[in-house]
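To start, the structure under review is shown below, and the notes come after it.
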Amino acid sequence: MRGFLRRFKVWLIILGVLAAVWFCLLGLHSAVGSVKNGRRQNTECTTKERVFDEAEVLTEKEEEKLRKLIAKRERQTGCDIVLVTLNESLREYAYAQKEYITEDKYVMLYADDFYDEHLFGYDKPYGNGVLLLDNLYREDDGWAYSWLCTTGKAEGKYSSRMIDHLLEKSYRWSKVSPYFGYRAYINQFYHDMNGFGAVNVNFSVPFLFLASFVISVGFVVTNRGGRAGDKTTDARTYVKGGKVKVNHREDQFLRKSVAQHRIQNNSGGSSGSRGGGGHHVSSGGRSHGGGGHRH
2 MRGFLRRFKV WLIILGVLAA VWFCLLGLHS AVGSVKNGRR QNTECTTKER
52 VFDEAEVLTE KEEEKLRKLI AKRERQTGCD IVLVTLNESL REYAYAQKEY
102 ITEDKYVMLY ADDFYDEHLF GYDKPYGNGV LLLDNLYRED DGWAYSWLCT
152 TGKAEGKYSS RMIDHLLEKS YRWSKVSPYF GYRAYINQFY HDMNGFGAVN
202 VNFSVPFLFL ASFVISVGFV VTNRGGRAGD KTTDARTYVK GGKVKVNHRE
252 DQFLRKSVAQ HRIQNNSGGS SGSRGGGGHH VSSGGRSHGG GGHRH
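Each residue of the sequence shown is one higher than the one before, counting from 2 in our numbering.
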(Lines of atoms letter the chains of each structure in order from A and count residues from 1; the text may use other names and numbers.)
(Lines give C-alpha, C1' and ligand atoms only; values in the text may rest on other atoms or scores of the structure.)
Protein backbone atom coordinates (compact mmCIF):
# COMPACT_ATOMS: atom_id res chain seq x y z
CA MET A 1 0.00 0.00 0.00
CA ARG A 2 2.89 2.35 0.75
CA GLY A 3 4.30 1.73 -2.70
CA PHE A 4 0.95 2.49 -4.22
CA LEU A 5 0.66 5.79 -2.34
CA ARG A 6 4.17 6.82 -3.37
CA ARG A 7 3.45 5.95 -6.98
CA PHE A 8 0.24 7.96 -7.18
CA LYS A 9 1.13 10.67 -4.67
CA VAL A 10 1.14 13.45 -7.28
CA TRP A 11 -2.29 12.52 -8.60
CA LEU A 12 -3.73 12.28 -5.12
CA ILE A 13 -2.39 15.75 -4.31
CA ILE A 14 -3.87 17.17 -7.52
CA LEU A 15 -7.27 15.61 -6.75
CA GLY A 16 -7.16 16.98 -3.23
CA VAL A 17 -6.34 20.50 -4.43
CA LEU A 18 -9.09 20.44 -7.05
CA ALA A 19 -11.62 19.24 -4.48
CA ALA A 20 -10.57 21.96 -2.02
CA VAL A 21 -10.90 24.65 -4.72
CA TRP A 22 -14.34 23.33 -5.71
CA PHE A 23 -15.61 23.35 -2.14
CA CYS A 24 -14.26 26.87 -1.57
CA LEU A 25 -15.98 28.16 -4.71
CA LEU A 26 -19.28 26.58 -3.70
CA GLY A 27 -19.02 28.04 -0.21
CA LEU A 28 -18.12 31.48 -1.53
CA HIS A 29 -20.94 31.45 -4.05
CA SER A 30 -23.42 30.43 -1.37
CA ALA A 31 -22.21 33.12 1.03
CA VAL A 32 -22.32 35.84 -1.63
CA GLY A 33 -25.90 34.88 -2.53
CA SER A 34 -27.02 35.06 1.09
CA VAL A 35 -25.38 38.44 1.64
CA LYS A 36 -26.66 39.88 -1.63
CA ASN A 37 -30.29 38.91 -0.98
CA GLY A 38 -30.30 39.97 2.66
CA ARG A 39 -32.97 39.02 5.13
CA ARG A 40 -36.52 38.23 4.12
CA GLN A 41 -38.59 41.45 4.08
CA ASN A 42 -42.12 40.09 3.69
CA THR A 43 -43.87 40.24 7.07
CA GLU A 44 -47.41 39.84 5.69
CA CYS A 45 -47.15 36.23 4.51
CA THR A 46 -49.87 34.20 6.24
CA THR A 47 -47.69 31.15 6.94
CA LYS A 48 -44.12 30.05 7.61
CA GLU A 49 -44.79 26.63 6.10
CA ARG A 50 -43.27 25.78 2.72
CA VAL A 51 -44.07 22.09 2.33
CA PHE A 52 -47.79 21.33 1.92
CA ASP A 53 -47.92 17.57 1.40
CA GLU A 54 -51.68 17.10 1.05
CA ALA A 55 -51.16 13.91 -0.99
CA GLU A 56 -49.10 12.42 1.86
CA VAL A 57 -46.31 11.11 -0.36
CA LEU A 58 -43.53 12.22 2.02
CA THR A 59 -42.53 10.98 5.44
CA GLU A 60 -42.23 13.46 8.30
CA LYS A 61 -38.45 13.11 8.18
CA GLU A 62 -38.41 13.86 4.44
CA GLU A 63 -40.64 16.90 4.94
CA GLU A 64 -38.30 18.26 7.60
CA LYS A 65 -35.27 17.75 5.33
CA LEU A 66 -37.03 19.65 2.54
CA ARG A 67 -37.94 22.50 4.90
CA LYS A 68 -34.30 22.90 5.93
CA LEU A 69 -33.12 22.80 2.34
CA ILE A 70 -35.76 25.35 1.30
CA ALA A 71 -34.77 27.72 4.10
CA LYS A 72 -31.17 27.58 2.89
CA ARG A 73 -32.05 28.04 -0.78
CA GLU A 74 -34.43 30.92 -0.04
CA ARG A 75 -31.58 32.91 1.53
CA GLN A 76 -29.35 32.11 -1.42
CA THR A 77 -31.89 33.04 -4.11
CA GLY A 78 -33.94 35.77 -2.44
CA CYS A 79 -37.12 33.88 -3.36
CA ASP A 80 -39.80 32.00 -1.45
CA ILE A 81 -39.79 28.33 -2.47
CA VAL A 82 -43.06 26.46 -1.98
CA LEU A 83 -44.08 22.84 -2.58
CA VAL A 84 -47.70 21.64 -2.75
CA THR A 85 -48.80 18.05 -3.42
CA LEU A 86 -52.40 17.04 -4.12
CA ASN A 87 -54.30 13.91 -5.06
CA GLU A 88 -57.71 15.26 -6.08
CA SER A 89 -59.54 16.48 -9.13
CA LEU A 90 -59.34 20.24 -9.70
CA ARG A 91 -62.09 20.27 -12.32
CA GLU A 92 -64.76 21.80 -10.09
CA TYR A 93 -62.28 24.28 -8.66
CA ALA A 94 -61.32 25.45 -12.14
CA TYR A 95 -64.89 25.59 -13.46
CA ALA A 96 -65.94 27.74 -10.51
CA GLN A 97 -63.63 30.45 -11.86
CA LYS A 98 -63.67 29.91 -15.62
CA GLU A 99 -66.46 29.07 -18.01
CA TYR A 100 -64.26 26.52 -19.78
CA ILE A 101 -60.61 25.61 -19.45
CA THR A 102 -58.57 22.58 -20.54
CA GLU A 103 -57.41 20.00 -18.01
CA ASP A 104 -53.74 21.02 -18.18
CA LYS A 105 -54.60 24.50 -16.86
CA TYR A 106 -56.45 23.38 -13.72
CA VAL A 107 -53.17 23.18 -11.83
CA MET A 108 -52.15 26.63 -13.10
CA LEU A 109 -55.23 28.27 -11.58
CA TYR A 110 -54.79 26.46 -8.28
CA ALA A 111 -51.05 27.19 -8.02
CA ASP A 112 -51.48 30.90 -8.78
CA ASP A 113 -54.30 31.26 -6.27
CA PHE A 114 -52.43 29.32 -3.60
CA TYR A 115 -49.45 31.64 -3.97
CA ASP A 116 -51.59 34.77 -3.88
CA GLU A 117 -53.83 33.71 -0.99
CA HIS A 118 -50.84 33.06 1.29
CA LEU A 119 -49.13 36.32 0.22
CA PHE A 120 -45.88 34.53 -0.61
CA GLY A 121 -42.87 36.56 -1.74
CA TYR A 122 -39.38 36.94 -0.27
CA ASP A 123 -39.25 40.71 -0.69
CA LYS A 124 -42.97 41.55 -0.39
CA PRO A 125 -46.43 39.99 -0.72
CA TYR A 126 -46.91 38.58 -4.24
CA GLY A 127 -43.16 39.11 -4.69
CA ASN A 128 -40.15 36.96 -5.59
CA GLY A 129 -40.83 33.27 -5.39
CA VAL A 130 -41.71 29.96 -6.99
CA LEU A 131 -44.28 27.26 -6.26
CA LEU A 132 -44.42 23.69 -7.53
CA LEU A 133 -47.86 22.10 -7.51
CA ASP A 134 -47.76 18.34 -8.10
CA ASN A 135 -51.23 16.82 -8.46
CA LEU A 136 -51.18 13.01 -8.59
CA TYR A 137 -54.85 12.71 -9.57
CA ARG A 138 -55.60 11.77 -13.17
CA GLU A 139 -58.17 14.09 -14.68
CA ASP A 140 -60.84 13.10 -17.20
CA ASP A 141 -58.28 13.07 -20.04
CA GLY A 142 -56.24 10.40 -18.24
CA TRP A 143 -53.26 12.60 -17.34
CA ALA A 144 -51.89 13.80 -14.01
CA TYR A 145 -50.51 17.34 -14.07
CA SER A 146 -47.88 19.46 -12.35
CA TRP A 147 -47.35 23.22 -12.58
CA LEU A 148 -44.44 25.52 -11.76
CA CYS A 149 -45.66 28.99 -10.78
CA THR A 150 -43.02 31.74 -11.01
CA THR A 151 -43.42 35.24 -9.57
CA GLY A 152 -41.33 38.40 -9.31
CA LYS A 153 -37.71 38.00 -10.36
CA ALA A 154 -38.26 34.26 -10.84
CA GLU A 155 -40.91 35.11 -13.44
CA GLY A 156 -38.44 37.32 -15.25
CA LYS A 157 -35.65 34.75 -15.04
CA TYR A 158 -37.42 31.64 -16.24
CA SER A 159 -38.03 30.92 -19.91
CA SER A 160 -40.31 28.12 -21.09
CA ARG A 161 -37.25 26.02 -21.85
CA MET A 162 -35.87 26.44 -18.33
CA ILE A 163 -39.24 25.50 -16.83
CA ASP A 164 -39.40 22.39 -19.00
CA HIS A 165 -35.91 21.38 -17.88
CA LEU A 166 -36.69 21.85 -14.19
CA LEU A 167 -39.98 19.94 -14.35
CA GLU A 168 -38.50 17.13 -16.43
CA LYS A 169 -35.59 16.74 -14.03
CA SER A 170 -37.88 16.72 -11.01
CA TYR A 171 -40.12 14.11 -12.69
CA ARG A 172 -37.18 11.83 -13.54
CA TRP A 173 -35.95 11.86 -9.94
CA SER A 174 -39.47 11.33 -8.60
CA LYS A 175 -39.46 7.91 -10.27
CA VAL A 176 -36.81 6.97 -7.71
CA SER A 177 -38.67 8.67 -4.86
CA PRO A 178 -40.99 11.70 -4.50
CA TYR A 179 -38.50 13.11 -2.01
CA PHE A 180 -35.68 13.05 -4.57
CA GLY A 181 -37.96 14.64 -7.17
CA TYR A 182 -38.88 17.57 -4.92
CA ARG A 183 -35.28 17.93 -3.77
CA ALA A 184 -34.25 18.17 -7.42
CA TYR A 185 -36.84 20.93 -7.94
CA ILE A 186 -35.45 22.99 -5.06
CA ASN A 187 -31.81 22.54 -6.03
CA GLN A 188 -32.41 23.15 -9.74
CA PHE A 189 -34.23 26.37 -8.94
CA TYR A 190 -31.28 27.53 -6.83
CA HIS A 191 -28.79 26.74 -9.58
CA ASP A 192 -30.94 28.34 -12.29
CA MET A 193 -31.35 31.56 -10.32
CA ASN A 194 -27.62 31.73 -9.65
CA GLY A 195 -26.57 31.04 -13.20
CA PHE A 196 -25.01 27.58 -13.16
CA GLY A 197 -27.90 25.20 -13.59
CA ALA A 198 -25.88 22.90 -15.87
CA VAL A 199 -23.66 21.72 -12.99
CA ASN A 200 -26.44 20.95 -10.54
CA VAL A 201 -26.25 17.64 -8.69
CA ASN A 202 -28.83 16.12 -6.40
CA PHE A 203 -26.38 14.36 -4.14
CA SER A 204 -23.77 16.19 -2.09
CA VAL A 205 -20.50 17.03 -3.82
CA PRO A 206 -18.39 15.46 -1.03
CA PHE A 207 -20.31 12.20 -1.45
CA LEU A 208 -19.75 12.14 -5.21
CA PHE A 209 -16.06 13.00 -4.86
CA LEU A 210 -15.51 10.33 -2.22
CA ALA A 211 -17.36 7.72 -4.27
CA SER A 212 -15.35 8.47 -7.41
CA PHE A 213 -12.09 8.43 -5.43
CA VAL A 214 -12.87 5.06 -3.83
CA ILE A 215 -13.80 3.58 -7.21
CA SER A 216 -10.58 4.90 -8.77
CA VAL A 217 -8.40 3.55 -5.96
CA GLY A 218 -10.16 0.20 -6.10
CA PHE A 219 -9.62 -0.05 -9.84
CA VAL A 220 -5.91 0.74 -9.59
CA VAL A 221 -5.31 -1.66 -6.67
CA THR A 222 -7.21 -4.45 -8.42
CA ASN A 223 -5.31 -4.08 -11.69
CA ARG A 224 -1.81 -3.14 -10.53
CA GLY A 225 -0.72 -6.79 -10.39
CA GLY A 226 -2.43 -7.81 -13.59
CA ARG A 227 -0.91 -9.26 -16.71
CA ALA A 228 -1.81 -6.36 -18.96
CA GLY A 229 1.73 -6.25 -20.38
CA ASP A 230 2.11 -9.98 -21.07
CA LYS A 231 2.37 -11.20 -24.62
CA THR A 232 -0.76 -12.84 -25.90
CA THR A 233 0.65 -13.90 -29.29
CA ASP A 234 3.95 -15.18 -30.59
CA ALA A 235 5.43 -16.44 -33.84
CA ARG A 236 3.57 -19.76 -33.61
CA THR A 237 0.11 -18.43 -32.78
CA TYR A 238 -1.15 -18.58 -36.35
CA VAL A 239 1.05 -21.51 -37.50
CA LYS A 240 -0.21 -25.08 -37.60
CA GLY A 241 2.26 -27.93 -37.95
CA GLY A 242 5.09 -25.51 -38.69
CA LYS A 243 3.33 -24.23 -41.81
CA VAL A 244 1.19 -21.17 -42.31
CA LYS A 245 -2.41 -22.01 -43.11
CA VAL A 246 -4.88 -19.35 -44.28
CA ASN A 247 -8.53 -20.29 -44.71
CA HIS A 248 -10.12 -18.84 -47.82
CA ARG A 249 -13.68 -17.61 -47.40
CA GLU A 250 -15.89 -15.31 -49.46
CA ASP A 251 -19.47 -14.03 -49.55
CA GLN A 252 -21.44 -14.41 -52.78
CA PHE A 253 -24.10 -11.78 -53.59
CA LEU A 254 -27.34 -13.42 -54.71
CA ARG A 255 -30.15 -10.84 -54.82
CA LYS A 256 -31.42 -7.57 -53.38
CA SER A 257 -34.82 -7.02 -51.80
CA VAL A 258 -36.11 -3.57 -50.74
CA ALA A 259 -39.18 -3.08 -48.52
CA GLN A 260 -40.89 0.29 -48.03
CA HIS A 261 -43.04 1.25 -45.03
CA ARG A 262 -44.90 4.45 -44.26
CA ILE A 263 -43.97 5.93 -40.86
CA GLN A 264 -46.96 7.49 -39.13
CA ASN A 265 -46.42 10.74 -37.26
CA ASN A 266 -47.72 10.69 -33.70
CA SER A 267 -49.63 13.90 -33.04
CA GLY A 268 -50.70 12.89 -29.55
CA GLY A 269 -49.15 14.06 -26.31
CA SER A 270 -46.33 12.33 -24.48
CA SER A 271 -45.31 12.04 -20.87
CA GLY A 272 -42.74 14.79 -21.29
CA SER A 273 -43.03 18.43 -20.36
CA ARG A 274 -45.52 20.61 -22.15
CA GLY A 275 -43.83 23.94 -22.58
CA GLY A 276 -44.13 27.00 -20.41
CA GLY A 277 -47.47 28.70 -19.83
CA GLY A 278 -45.76 32.06 -20.14
CA HIS A 279 -46.70 35.28 -18.41
CA HIS A 280 -50.31 35.68 -17.37
CA VAL A 281 -52.53 37.28 -14.73
CA SER A 282 -54.07 35.21 -11.95
CA SER A 283 -57.70 35.40 -10.91
CA GLY A 284 -56.58 37.84 -8.19
CA GLY A 285 -55.05 40.16 -10.78
CA ARG A 286 -51.40 39.28 -9.99
CA SER A 287 -48.68 38.66 -12.57
CA HIS A 288 -47.26 35.14 -12.79
CA GLY A 289 -45.24 33.02 -15.15
CA GLY A 290 -45.08 29.27 -15.33
CA GLY A 291 -45.30 26.04 -17.21
CA GLY A 292 -46.72 22.56 -16.82
CA HIS A 293 -45.86 18.88 -17.07
CA ARG A 294 -48.13 15.88 -17.54
CA HIS A 295 -47.50 12.24 -16.81
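Beta carbons are placed, not taken as given, at the ideal position from N, Cα and C, and that holds for glycine.
As the structure is a computational prediction, the values presented were derived from the model and not from experiment.
Per-residue DSSP class, three states only, for residue i
i: Ala32; result: For Ala32, the pLDDT reaches just 48, beneath the cut-off of 50, and the residue's location in the model is therefore unreliable, leaving the point undetermined.
i: Val52; result: strand
i: Ala260; result: At Ala260 the pLDDT is 48, less than 50, meaning the model places this residue with poor confidence and gives no usable figure here.
i: Leu120; result: coil
i: Leu91; result: coil
i: Arg74; result: helix
i: Pro179; result: helix
i: Val58; result: coil
i: Arg228; result: Low confidence applies to Arg228: its pLDDT is 49, below 50, so where it sits in the model is not reliable, and the reading given next is rough at best. Coil at Arg228, not helix or strand.
i: Lys69; result: helix
i: Gly157; result: helix
i: Glu45; result: coil
i: Ile15; result: helix
i: Lys125; result: coil
i: Asn195; result: coil
i: Arg184; result: helix
Residue closest to residue i, alpha-carbon to alpha-carbon, out of the options
i: Arg295; options: Trp148, Leu132, Asp117; result: Trp148
i: Tyr146; options: Tyr127, Ala112, Leu120; result: Ala112
i: Leu87; options: Ile164, Asp165, Leu134; result: Leu134
i: Lys69; options: Pro126, Asn129, Tyr183, Gly157; result: Tyr183
i: Ala155; options: Asn129, Tyr172, Trp174, Leu168; result: Asn129
i: Tyr159; options: Ile102, Asp105, Glu63, Met194; result: Met194
i: Arg92; options: Val131, Asn136, Phe121; result: Asn136
i: Tyr138; options: Asp105, Ser161, Ala97; result: Asp105
i: Arg51; options: His119, Met163, Thr60, Gln77; result: His119
i: Ala97; options: Ser284, Thr47, Pro179; result: Ser284
i: Phe121; options: Lys49, Glu63, Lys99, Leu59; result: Lys49
i: Asp81; options: Arg40, Leu167, Lys62; result: Arg40
i: Lys125; options: Leu168, Thr47, Asn188, Thr60; result: Thr47
i: Phe312; options: His166, Ser175, Pro179; result: Since the first residue of the chain shown is 2 and the last is 296, residue 312 is not available in this structure.
i: Tyr94; options: Asp54, Arg76, Asp114; result: Asp114
Beta-ladder partner(s) of residue i, from DSSP
i: Ser288; result: Val282
i: Ile82; result: Val131
i: Arg139; result: Ala145
Span of the beta strand (DSSP E), counted from its first residue to its last, around residue i
i: Trp148; result: 145–152
Expected contact under 8 Å - CB spacing of residue i and residue j to nearest Å
i: Asn43; j: Tyr116; result: Asn43 to Tyr116, Cβ: 12 Å. No contact.
i: Gly279; j: Thr151; result: At roughly 10 Å, the Cβ-Cβ gap does not stay under 8 Å, so Gly279 and Thr151 are not in contact.
i: Glu57; j: Ser90; result: Contact flag wrong, Cβ pair sits at about 17 Å.
i: Val83; j: Leu132; result: 4 Å
i: Glu63; j: Tyr180; result: 4 Å
i: Gly293; j: Val108; result: 6 Å
i: Asn38; j: Thr78; result: 7 Å
Endpoints, alpha helix (DSSP H) assigned at residue i
i: Lys1; result: As displayed, the chain neither begins before 2 nor continues past 296, which places residue 1 out of reach and without an answer.
i: Tyr367; result: What the structure shows of the chain is the stretch from 2 to 296, and residue 367 is not part of that stretch, so it cannot be assessed.
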